[in-house]
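In the working numbering, the protein residues as written are 37 to 386. Backbone N, C-alpha and C fix where the C-beta goes; we use that ideal spot for every residue, glycine too. Values in this document were obtained by computation on a predicted structure and should not be read as measured data.
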Amino acid sequence: MISVKDAITDSGLQARTLQQARRFSGKCLELGRESLRAVEEHVFPLFPEAARKAQENWRQVYACIREEAPEDVLESTPRMVERILHNYALDSRRMQWEQLESVKSILGVMAEAVGATRLQTNTYSESMAEISESLRRMTETESLEELRRQLTKEAAQVRESVAKMVRESEASVRAMESDLAHFRTKLAEAEASTDVLTGLANRRELERQMEMRIQRMTPFCALLFDLDNFKSINERFGHECGDQALRGFAGVLNEQVRPGDVVARWGGDEFFVIFDCTMKDALRRSQQISVKLARRYELNWDGKPISIPLQASSGVVEYCCGETASALFRRADEAMYAVKGKRSAARETR
37 MISVKDAITD SGLQARTLQQ ARRFSGKCLE LGRESLRAVE EHVFPLFPEA
87 ARKAQENWRQ VYACIREEAP EDVLESTPRM VERILHNYAL DSRRMQWEQL
137 ESVKSILGVM AEAVGATRLQ TNTYSESMAE ISESLRRMTE TESLEELRRQ
187 LTKEAAQVRE SVAKMVRESE ASVRAMESDL AHFRTKLAEA EASTDVLTGL
237 ANRRELERQM EMRIQRMTPF CALLFDLDNF KSINERFGHE CGDQALRGFA
287 GVLNEQVRPG DVVARWGGDE FFVIFDCTMK DALRRSQQIS VKLARRYELN
337 WDGKPISIPL QASSGVVEYC CGETASALFR RADEAMYAVK GKRSAARETR
């Protein structure tokens, strides 16, 4: 039989043990939160574009790690963290590959420029040929680290040859530098006017093209597409599948426009097309394009192929003389939502 004294002692011991366990649990949760904070502060900034999609979900995970959180929420946290980091890694690798391709493109232009310089001077013809060939070989490299190694290896020869070329052929050097500067400017302009996800023109470029037509007083029409029920794709299959759907939709849309038309991603799941034509022609073409866009799109969901039907509501407006770009965008938006409302009402009456 347990005495009252022993029972009190055991009860006190259990209370202290429980208190210690709670303190330890609190420390573990705090360490977890600190780890998440460190990743957000030191890892995500490496690729800011990729981090934008990850940070919102990351903060949700951060908010889940607290003492009053349900047990099932805490147990699901590691899987959420793994999924977010996995998607961030995929986006980062894609962006790194794009950066590598940009560098390789610049090297290709440099190789051509050096080759052209070689033709203009006999004194360093052999040296310039070697540099040109080295730069050309570098454009075949598939690793950014290997590209750095090769550039370091060739740096001494390039510096020596360029130094001699500067001393004896300043005009050629200035021409090469001008060509490279022009290429970099064009590359920067292209990147600044392109939507990263879809490869279409971005909102900034769309506004520039529209303002240009307004200033020239050129007749044109604007067509706005908005994907129907796109939110459900993100909710059911995740944002990666949503991005695949947007890229697929953008690709089909881009195939339907004519040379001279401007097709751009306005933002989210909205796309604009500028037609240099009358309202009658714009309506006819918008109907043709809508038919092509309404189809099933093949996506990859967790390594498995899936087929998702997509269609878009559209609004077509014609530019009115004296109208601002903002007013035109607003009218296109209203026209699109009017069509979307009619579709919704028609479905409800079935």
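Buried versus exposed, by CB contacts within 10 Å (16 or more), residue 327: On the sequence shown, residue 327 is found 291 positions in, with the first residue counted as 1. That one is exposed.
Residue 258 and residue 368 closer than 8 Å at C-beta: Counted from its first residue, the sequence shown places residue 258 at position 222. Counted from its first residue, the sequence shown places residue 368 at position 332. For residue 258 and residue 368, yes; Cβs fall inside 8 Å.
Meets three-Cβ-pair contact criterion under 8 Å: the segment 325-341 and the segment 280-300: yes
Residue range of the beta strand (DSSP E) that includes residue 259: Within the sequence shown, numbered from 1, the residue matching residue 259 stands at position 223. Segment 257-263, the beta strand (DSSP E) holding residue 259.
Rounded distance between the beta-carbons of residue 309 and residue 245, thought under 8 Å: In the sequence shown, counting from the first residue as 1, residue 245 sits at position 209. In the sequence shown, counting from the first residue as 1, residue 309 sits at position 273. Residue 245 to residue 309, Cβ: 11 Å. No contact.
Residue 349 beta carbon near the ligand HEM (any heavy atom closer than 7 Å): Among the components of this structure there are no ligands whatsoever, and the ligand HEM is therefore not found.
Proximity of residue 237 and residue 300 at Cβ, strictly below 8 Å: On the sequence shown, position 201 is the one that residue 237 refers to. On the sequence shown, position 264 is the one that residue 300 refers to. Cβ atoms of residue 237 and residue 300: closer than 8 Å.
Within 8 Å, strictly: CB atoms of residue 333 and residue 266: Taking the first residue of the sequence shown as position 1, residue 333 is located at position 297. Taking the first residue of the sequence shown as position 1, residue 266 is located at position 230. Cβ distance not < 8 Å, so residue 333 and residue 266 don't count as in contact.
Cutoff 7 Å; reference residue 313; Cβ partners in own chain excluding five residues on either side: The count along the sequence shown starts at 1 and reaches residue 313 at position 277. So the qualifying residues of the chain are 257.
Strand pairing of residue 351, partner residues [DSSP]: Working through the sequence shown from its first residue, we reach residue 351 at position 315. In DSSP, residue 351 forms a bridge with 260.
Any C-beta of chain C under 8 Å from that of residue 312: Looking for chain C here will not work: only one protein chain is present.
Bridge partner(s) assigned by DSSP for residue 346: Against the sequence shown, residue 346 aligns to sequence position 310. Paired residue(s): 331.
Contact set for residue 276: own chain, Cβ-Cβ below 7 Å, skip 5 residues either direction: In the sequence shown, the residue the question calls residue 276 occupies position 240. Around residue 276: 123.
Buried versus exposed, by CB contacts within 10 Å (16 or more), residue 322: In the sequence shown, the residue the question calls residue 322 occupies position 286. So residue 322 counts as buried.
Neighbour-count burial assignment, residue 350, 16 or more Cβ in a 10 Å radius: As a working mapping, residue 350 is identified with position 314 in the sequence shown. Buried, because 16 or more other Cβ atoms sit within 10 Å of the Cβ of residue 350.
Paired residues, beta bridge with residue 336 - DSSP: Within the sequence shown, numbered from 1, the residue matching residue 336 stands at position 300. 341, per the DSSP bridge assignment.
Candidates 296, 303 and 251, of which the one nearest residue 233 by Cα: Counted from its first residue, the sequence shown places residue 233 at position 197. Residue 233 has its Cα closest to that of 303, out of 296, 303 and 251.
Cβ-Cβ separation, residue 318 to residue 352 (assumed contact under 8 Å), whole Å: By 1-based counting over the sequence shown, the position of residue 352 is 316. By 1-based counting over the sequence shown, the position of residue 318 is 282. That pair is a contact at about 5 Å.
Residue 261 and residue 307 closer than 8 Å at C-beta: Here residue 261 corresponds to residue number 225 of the sequence shown, with the count starting at 1. Here residue 307 corresponds to residue number 271 of the sequence shown, with the count starting at 1. Contact: yes.
Range covered by the alpha helix (DSSP H) that runs through residue 286: Counting from 1 along the sequence shown, the entry for residue 286 is found at position 250. That run of the alpha helix (DSSP H) goes 275-292.
Pairwise C-alpha distance: residue 93 and residue 355: The sequence position of residue 355 within the sequence shown is 319, counting from 1. The sequence position of residue 93 within the sequence shown is 57, counting from 1. Residue 355 and residue 93: Cα-Cα distance of roughly 41 Å.
Boundaries (first-last residue) of the beta strand (DSSP E) holding residue 392: No information on residue 392 is available, as it lies outside the stretch 37 to 386 that the chain covers here.
Simplified DSSP assignment, three categories, for residue 232: For the purposes of this step, residue 232 is identified with residue 196 of the sequence shown, where counting begins at 1. The answer is coil: DSSP assigns residue 232 none of H, G, I, E or B.
Backbone secondary structure at residue 303 - three-state DSSP: As a first step, residue 303 must be located in the sequence shown, where it is residue number 267. Looking at residue 303 - three-state DSSP - the assignment turns out to be strand.
Cβ-based burial, residue 253 [other Cβ within 10 Å; buried from 16]: In the sequence shown, the residue the question calls residue 253 occupies position 217. Exposed: under 16 other Cβ atoms inside 10 Å.
Run of the alpha helix (DSSP H) containing residue 247, from where it starts to where it stops: Residue 247 sits at position 211 when you count from the first residue of the sequence shown. From DSSP, the alpha helix (DSSP H) with residue 247 extends over 239-252.
C-alpha gap between residue 371 and residue 377, whole angstroms: For the purposes of this step, residue 371 is identified with residue 335 of the sequence shown, where counting begins at 1. For the purposes of this step, residue 377 is identified with residue 341 of the sequence shown, where counting begins at 1. Their Cα atoms are separated by approximately 10 Å.
Closest Cα partner of residue 95 within the set 120, 320 and 169: Reading the sequence shown from its first residue, position 59 is the one you call residue 95. Of the candidates 120, 320 and 169, the one whose C-alpha sits nearest the C-alpha of residue 95 is 120.
Span separating the alpha-carbon of residue 264 from that of residue 278: Counting from one through the sequence shown, the residue named residue 264 turns up at place 228. Counting from one through the sequence shown, the residue named residue 278 turns up at place 242. For residue 264 and residue 278, the distance between alpha carbons rounds to 13 Å.
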